[in-house]
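By the working numbering, the letter at position 453 of the sequence shown is numbered 1030, and the numbering carries on one by one without gaps. We put the CB at the ideal spot given by N, CA and C, even for glycine.
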Amino acid sequence: MNKDINNKKIIAKSESEIVEWKPSVSQVNEIVETVSAFANTKGGKICIGISNSGKITGVEIGKGTIEELTNRIVQNTEPKIQPRITVEKVKDKNLIVIDVTESTDKLVLAFGRPYKRIGKSTVKMSKDEHERLILEKHKEKLQFDKQICKEANLKDLDWNYIKGKFISLYEKLSEKKITGSLQSLLKSLGCIRERKPTNAGILLFGKEPQKFYTNAYIALARYKGDEVEAKRLDYKEFIGNLFQQIDECDKYIKEHITVMSRLLPDRVQREDIPEYGWFSVRELITNAVCHRDYADSGSKVIIKMFSNKIEFYNPGGLPEEITPQNITDKQYSRNPIIARVLAKVKYIEELGEGWDKIIKEHKEHSLKPKLPKIQADKHSVLVTIFSTKEKFEEKKVELILTERQKKIVEYLKNNQRITTALCAKLLNISGDTSLRELTRLKSLNIIEKKGVGKGTYYILKMR
């Protein structure tokens, strides 16, 4: 009953951009052309058994009629179209209804030629329009973040994160209230297409992006010396969506670089001096995540922390027109959707000013670090920033501890020893974080380690 009502509505609409009538299956070539036209426009229905005037004449349906019609459509379309074909009864007469869905790339050919729908007519697409669509298709294929993530659906997006974190930050920074639906917003940002998440959508807002892109994470190794051959102190993998990766990696690095302070004769407060610029660290993490080649599933963002430098590696080289020498003057983005979304919430500089600010921060740093070193080929980019620790003594700076480290030192001034478990309880942190804090104080020559295994404890170092 519902189908009959639906078909009556189709017939009543008359022919249109999405409805075509054909009196018989003998017009199979025109039917195939209309399939191409619908696929290249908005999709539609072809009703066979209705005259041009709208009279229901019906069709004779033999044993192989539907199979032969299906084969003719499949054999003469490229890429192959397999439409849904049904037989419906209207006014006691059989109609064949062919449902055609809109093609994602709109480059479906019939008999080697492209067609499109204009009003209620099927027309051949012009050579120029066809060539333009081909160029757009190839361009889109190169733009990874714009493509639909075929294995994912909207349930794979973390709507709680979008609503609770992203939207609140977006509204705060833009000073605008989001009035539309979350889906509408993500669609406008290029994170949803055709009711499916794009690659950008999954990477930025997915519940588990690594389910779809195994190596879409940051790997970080921290070494004791200034080369890879030195002892490795720690290894971390930062997973989750891109915002979470950037935030957690930035936090970790800043917890493990030295911050010094000095008293200036004309100031009451001390001047804090980090061995690396805060902005540079975060911007280089974000750049690596934003501009990496996610289509290269065999590689990942790698960060190496040494005693005298930090290296930021990302797969995906610079385009031909950009070199390490002119990178501060030119702008590019391998993943423009990801870059635009990150810029909306100030994770990256929207106008490509990030490198200008990195260079400015280096030049204005009170200890005048070496400028970043950029190495690139067509496959990867490696950026190195250099520590200023060797200049601390020259500037007569003194060590400044974090609040956590101060609490540990204060505890040891009043108690003989502290263990990892005691430290975790004192600071209300995890055992792993407690161990990192104690290891950091040991590396700064403030405490020393005693005992082995479960009997390990730490004491203030005698000075």
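In summary, residue 712 is exposed, with fewer than 16 beta-carbon neighbours lying within 10 Å of its beta-carbon over all protein chains present. Looking only at 828, 835, 863, the smallest Cα-Cα distance to residue 819 is reached by 863. The alpha carbon of residue 662 has as its nearest neighbour, out of 654, 647, 652, 669, the alpha carbon of 647. For secondary structure counted as the alpha helix (DSSP H) over 4 or more consecutive residues, the region 613 to 675 holds these complete runs in sequence order: 642 to 652. By the neighbour-count criterion, in which 16 or more other beta carbons inside 10 Å mark a residue as buried, residue 982 falls on the buried side.
Counting the other CB atoms within 10 Å of its CB gives residue 1021 a total below 16, which places it among the exposed residues. Pairing residue 613 with residue 686 gives a Cβ-Cβ distance under 8 Å. Taking C-beta atoms as the reference points, residue 610 and residue 738 fail to come closer than 8 Å. When secondary structure is reduced to three states using DSSP, residue 754 falls in the coil class, being assigned neither helix nor strand. Residue burial annotation: residue 1014 is buried, with at least 16 other C-beta atoms found within 10 angstroms of its C-beta. In terms of CA proximity to residue 968, 885 leads the group 828, 894, 885, 812.
8 Å or more divides the Cβ of residue 621 from the Cβ of residue 634. The beta carbons of residue 657 and residue 623 sit no closer together than 8 Å.
Note on residue 956: under 16 other CB atoms within 10 angstroms of its CB, so exposed under the neighbour-count rule. Nearest in C-alpha terms to residue 1029, of all of 996, 966, 1011, 652, is 996. For residue 961, the enclosing beta strand (DSSP E) stretches over residues 957 to 963. Closest in C-alpha terms to residue 887, from the list 615, 949, 919, 934, comes 949. Counting along the chain, no alpha helix (DSSP H) covers residue 903, and no H or E run does either. In terms of Cα proximity to residue 727, the closest of 771, 703, 735 is 771.
Taken through DSSP and simplified to helix, strand or coil, residue 730 comes out as coil. Beta-bridge analysis with DSSP links residue 698 to 695.
A Cβ-Cβ separation of about 6 Å places residue 1024 in contact with residue 1036 under the 8 Å criterion. Using a 10 angstroms sphere on the CB of residue 859, the tally of other CB atoms reaches 16 or more, which defines it as buried. Judged by DSSP in its simplified three-state form, residue 686 adopts strand. Boundaries around residue 878 are those of the beta strand (DSSP E), 878 to 882, since no alpha helix (DSSP H) includes it. Under a 10 Å Cβ-count criterion, residue 881 is classified as buried, with 16 or more other Cβ atoms of the shown protein chains found around its own Cβ. Taking a C-beta distance under 8 Å as the contact criterion, residue 594 and residue 696 qualify as a contact pair. In this structure residue 743 is not in contact with residue 677, their Cβ atoms being roughly 37 Å apart against a cut-off of 8 Å.
Between residue 853 and residue 721, the gap from beta carbon to beta carbon reaches 8 Å or more. Between the C-alpha atoms of residue 597 and residue 725 there is a straight-line separation of about 30 Å.
Within its own chain, the residues whose Cβ lies closer than 8 Å to the Cβ of residue 638, once the five positions on either side in sequence are excluded, are 664, 671, 673, listed in chain order. Non-local C-beta neighbours of residue 892 in its own chain, meaning closer than 6 Å and more than five positions away in sequence, comprise 869, 870, 873, 876, 957, ordered along the chain.
Annotation: residue 918 to residue 1038 spans about 49 Å, alpha carbon to alpha carbon. Comparing alpha carbon positions, the residue from 990, 836, 920 closest to residue 965 is 836.
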